[in-house]
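> So the sequence shown is numbered by UniProt numbering: it starts at 1 and just counts up by one.
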Amino acid sequence: MMTTDREEIRLLGRMLGDVIRETEGKQTFDIIETLRRTAVRYRRQGRSQDGRILQDRVKKLQRDDANLVARAFSYFLHLANIAEDFTQKSEARTRLLRDNESARGTLSNTLNLLRDRGVTRSRIQKLLEHACIMPVLTAHPTEVQRKSTLDLHHQISQALSDRFGRITEQEQHHIDLELIGRINTLWQTRMLRYTRLTVADEIENALSYYRSTFLIAIPKLYAELSMQLSGGEPRSAFSAMPPALPPFLRMGSWIGGDRDGNPNVDASTLERALTRGASVAFEFYLNEVQLLAAELSLSTLLTSVTPALQKLADEGPDRSAHRHDEPYRRALIGIYARLAATARQRVGIDLARRDTVSMVAYEGPEAFCEDIQILIDSLEKDRAAPVARLRLQSLRQAVLVFGFHLASLDLRQSSDVHERTLSELFEKAGLRLNNAPLNYASLSEEDKVQLLRAELNQARPLASPWIQYSDETQRELGILQATARGRAHFGSSAVRQYIVSHTETLSDLLEALVLIKEAGLASAAYTPSNQKFEAVRHDGLMVVPLFETIPDLENGPDIMARFMDLPEVRTRIMAEQGGIQEVMLGYSDSNKDGGFLTSNWSLFQAERALVEVFHQRHIGLRLFHGRGGSVGRGGGSTFDAIMAQPSSSVAGQIRLTEQGEVIQSKYKDADVGKWHLENLVSATLEASLVDEHAARMEEDHIKRYGAIMNFLSETAQASYRALVYKTPGFAKYFFASTPISEIAGLNIGSRPSSRKGGDRIEDLRAIPWGFSWAQCRLMLPGWYGVGAALTRYLDEGFKGAPTTRRARLQSLQDMAQDWPFFKTMLSNMEMVLAKTDLKIAARYAQLVPGKVLREKVFNQITEEHARTLAALKLVTRRELLSDNPRLAASLRERFAYIDPLNYLQIELLHRHRQSNKHKSAATLDDRVERAIHLTINGVAAGLRNSG
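#1: Under a three-way DSSP split, which group does Ile-493 fall into?
#2: Less than 7 Å between the beta carbons of His-78 and Ala-774, yes or no?
#3: Return the CA-CA distance between Ala-922 and Arg-146, expressed in angstroms with no decimal places.
#4: Nearest-angstrom Cα distance between Tyr-498 and Asn-262?
#5: Taking just the CA atoms, how far does His-910 sit from Ala-736?
#6: Met-584 by DSSP, collapsed to three states: which one?
#7: In the DSSP output, what is Ala-606 paired with across the bridge?
#8: For Ala-744, which option in Arg-930, Arg-894 and Leu-621 has the closest C-alpha, if you only look at C-alpha atoms?
#9: Return the chain-ordered list of same chain residues with a C-beta closer than 8 Å to the C-beta of Asp-157, the five sequence neighbours on each side being excluded.
#10: When the distance is taken between beta carbons, is Leu-160 closer than 7 Å to Glu-8?
#11: Assuming the contact rule is C-beta atoms closer than 8 Å, Arg-412 and Ser-501 should be a hit. Round their C-beta distance to whole Å, please.
#12: Using CA coordinates, which residue listed in Asp-18, Arg-44, Glu-24 and Ile-53 is at the minimum distance from Thr-34?
#13: Taking Cβ to Cβ, would you say Gly-540 is nearer than 7 Å to Arg-572?
#14: In this structure, how does DSSP classify Cys-776 when only helix, strand and coil are distinguished?
#15: Just reading off the alpha helix (DSSP H) that Leu-207 is part of, what are its end residues?
#16: Just mark Phe-238 as buried or exposed, buried being the case when its beta carbon has 16 or more other beta carbons within 10 Å.
#17: Skipping 5 residues on each side, what residues in its chain have a beta carbon closer than 6 Å to that of Ser-414?
#18: Nearest-angstrom Cα distance between Asp-558 and Glu-582?
#19: My understanding is that Leu-409 touches Leu-207, with C-beta atoms under 8 Å, so please give their C-beta distance in whole angstroms.
#20: Applying the criterion that 16 or more other CB atoms from any shown protein chain within 10 Å of the CB defines a buried residue, is Asp-565 buried or exposed?
#21: Just checking my contact of Phe-29 with Leu-215 at CB under 8 Å: how many whole Å lie between their CB atoms?
#22: Can you tell me the Cα-Cα spacing of Arg-886 and Glu-893, whole angstroms?
#23: Within the same chain, show all residues whose beta-carbon is closer than 8 Å to that of Arg-396, passing over the 5 residues directly before and after it, in chain order.
#24: Check this for me: beta carbons of Leu-904 and Val-58, under 7 Å apart or not?
#25: With DSSP as the reference, identify every bridge partner of Gln-413, one or two as the case may be.
#26: Given Val-611, which residues of its chain have a CB within under 7 Å of its CB, disregarding the five upstream and five downstream residues?
#27: Can you check whether the CB of Gly-257 is closer than 7 Å to the CB of Val-249?
#28: Would the region 545-558 and the region 601-610 be scored as touching if the rule is three or more Cβ pairs under 8 Å?
#29: State the Cα-Cα distance for the pair Leu-553 and Ala-561, rounded to the nearest angstrom.
#30: What distance in whole Å lies between the Cβ atoms of Arg-792 and Thr-715, which are believed to be in contact at a cut-off of 8 Å?
#31: Less than 8 Å between the CB atoms is what I'm expecting for Ala-841 and Arg-854, so what's the real figure, rounded?
#32: Between Ile-203 and Arg-272, which are expected to be in contact by the criterion C-beta below 8 Å, what is the C-beta distance as a whole number of angstroms?
#33: Classify residue 952: buried if its beta carbon has 16 or more other beta carbons within 10 angstroms, exposed otherwise.
#34: Apart from the five residues on each side of it in sequence, which residues of its chain come closer than 7 Å, Cβ to Cβ, to Leu-724?
#35: Run through the DSSP bridge pairs and tell me what Phe-547 is partnered with.
#36: Using the beta-carbon count (16 or more within 10 Å), is Arg-98 buried or exposed?
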């Protein structure tokens, strides 16, 4: 049913049409097909009468038909995504086969580029020894698909891949039958969740990506990099394998430990996340060892083994005469038994798939890895290296990367919760100040810092098990105690970071340090000795500030300077954190606070300032980028984003969040996941080993363009805040003209959409804020204010700017051409503007009941949109997306299927809200609400990076 020049999309669309016709009847099919044809004609010809016809036909839809239309167009877009991803993957593979070394973002291309710059392999390997590259999966709710539908997507994708391979006509027929069966299942599978996701659900959803992608793709990526660093393809298949690389690329997670604004996260969810993560790791290892035991049938009648391998076999429990001459199998049976015992000890359940005898558990993953290495060494010594490459190589690397914990789980909590918790602890401990009971919250910042530093140096506990505390304080102490138990049980790598949201002062960080000390996660601060400070422990938890708003980003470097200058803090960093301190930067909240341009520039400036602060103190900086899927939340190409970072801000150290629909898009299977991880590693290597010329170029860009960016940022922020925070009634307009209230009922996450409830923009989380603007096709967080800034600069300039408009335009054009930061920012904004549709947005505006407010706000948005488009065209010297015709064509095609969903959503929102006015909750038609949720699902699928 989808008209396109791509065979696979036509195929899936036709099959979906057949399924709808057969299951719902020709009448329903005709209704859907008529809407589709009208929408396609409207997009291709742009006739206003087609738009009116589309709107009228949507208004006439009855309840059940509305639901079916919403499902149909949503599934059109889901299948289009599957087909488009398949096409891109196929084309990327073709390009790699044709010219792998020139493909941007590949390891080959990056290593060749570094070689041309004079970067030696030993320098790269030295960087990897201390590097940390970590995607961090979060449960931020912008993925509206159920796991059941995502599993079907994966199956359809796999069948599509099989169909377009080298197969016979009969095989193709069988695959077509399979595809129709999968699509039929998809059509008759409930698209929406009827209950809100629990944290346990979110944990399981995330773990499914380890089974399908990370446990497979990451070892493959290591193997390729190891081979290339060792000089490329081995001279002989029988050459010894290159040594395993240090675990520089690992996975992180927030799911089960991020309790900022989520009352559903507590000690039990943290323990569940740690235990389930370890279970997945052990399940994978046990399966791999069992397969190895079946595969390694080498006989001592035909080969020899090392004494270490023979000893490992003899120490195992297998005494079968049938395997007396098969030491590898006997060794692996012993390894399997020890691994099963370790799993029982660590996760409390039996994960073994076969009967095992009782053996001593491994003390840690290092001991398990040593046994694997014994197998590899023996095979290589007997000229059987090709056998080791089959499975042992990847297993060895997997153990080094995933350990017995799978992924590092971060803790996160808001600074105001820490303040309330410590206020109660100080009060109930009876601490006094100036002979009066201590009121911690009322102290000045200086007094708080003094008190907290003193507390850090106290060996005695602050909390008492014999005192009854508030529920909030008990919950905070409980999760920290669970963290201590988890680290002791699964290893210190299981939890490494404690992130402090809303870090605004030095005391915010010291409060977290006091609390983790209280749980035994940090020692009493330090012991003075000849003006040196000796740490007592070496496995403390790292406290990480999260600077989110524009003021926080501006103040962050000074806060970090004061923090690291405290002797007790510096000691921890140097002795317990390997000389590295992490800082997290918030893209979402800075955007909601100051707008797109100001957020980007503030982040860039903060990074540069932090680099200098850390350089002066000889402490390594690791930046943690809190990016989302939408451009307004830091979305866009990860490779380009890393390459646009300030010089020296990467240096082999980078963590970044992956969340919502981005996880599914990037990591749906091992092939796609490996490609994205390779892009991440390649960009990090290239950005870290940048040559002096590139660093000088950046300083030149700042010198030439920094003042212009300051002016643009101030103007853009003023324009954005004038609309969002200073326009009377704007919050009312937002809640009425977008489906924000209905999104809250989608059950797409365990976290509430607002931190405090109510309808204040300040209290609304940045994720539903951006998601809602995408639904009504305005994408406002990704562009508003930029047009005002560029236009004012062109028209007026400022003191010190070029004196003529033409010269000012040339300076902007030079920035867009030469400066990666500015070029990437404009590119991301251009994609957002291409997805923005003011005609549809105007129809959403009609949902606002007050005409004066509606026209006032929407006119401001319309005028700024026109300014932004005009200014962007002047600066880039081309039409929107004219340099990316493929994306432009793809969007035009998608819009014909997104538009009907938008029209339907508007009509359903109107019906639903009118019903709310006149009916009791008991009499409301939940079919209308479900249909709204279906349209939200479909629009999100069509736009893809909307969360």
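Beta carbons: idealized from backbone N, C-alpha and C, even for Gly.
Looking at the coordinates:
#1: Strictly speaking, residue 493 in this sequence is Ser, with Ile absent from that position. If DSSP states are grouped into helix, strand and coil, Ser-493 belongs with the helices.
#2: no
#3: Per-residue confidence for Ala-922 stands at a pLDDT of 48, beneath the threshold of 50, marking its modelled position as unreliable; no derived number is given.
#4: 16 Å
#5: 10 Å
#6: strand
#7: Answer is none; Ala-606 lacks a bridge partner.
#8: Checked all of Arg-930, Arg-894 and Leu-621; the closest Cα to Ala-744 is Arg-930.
#9: In the sequence as displayed, the identity of residue 157 is Ser instead of Asp. Cβ neighbours of Ser-157 beyond the five flanking positions: Ile-82, Asp-85, Phe-86, Lys-668 and Asp-669.
#10: yes
#11: With a Cβ gap of about 6 Å, Arg-412 and Ser-501 count as contacting.
#12: Ile-53
#13: yes
#14: coil
#15: 199-209
#16: Result: exposed.
#17: Asp-260, Ser-501 and His-502
#18: 15 Å
#19: So it is not a contact: roughly 12 Å between Cβ atoms.
#20: exposed
#21: Contact flag wrong, Cβ pair sits at about 43 Å.
#22: The C-alpha of Glu-893 is placed about 11 Å away from the C-alpha of Arg-886.
#23: Ala-244, Cys-369, Ile-372, Gln-373 and Ile-376
#24: yes
#25: Val-500
#26: Only Leu-621, Pro-646, Ser-648 and Ser-649 meet the Cβ criterion.
#27: First, the residue type needs correcting, since residue 249 is Leu and not Val in the sequence shown. Cβ distance not < 7 Å, so Leu-249 and Gly-257 don't count as in contact.
#28: yes
#29: 14 Å
#30: So it is a contact: roughly 5 Å between Cβ atoms.
#31: Wrong, their Cβ atoms sit about 12 Å apart, outside the cutoff.
#32: 6 Å
#33: Residue 952 cannot be examined here, being either before or after the span of the chain that is shown, 1 to 947.
#34: Rather than Leu, the amino acid found at residue 724 in this sequence is Val. Around Val-724: Phe-730 and Ile-761.
#35: Leu-585
#36: Confidence at Arg-98 is low in this model, with a pLDDT of 49, below 50, so the placement of that residue should be treated as unreliable; the coordinate-derived value is given next. Arg-98 comes out exposed.
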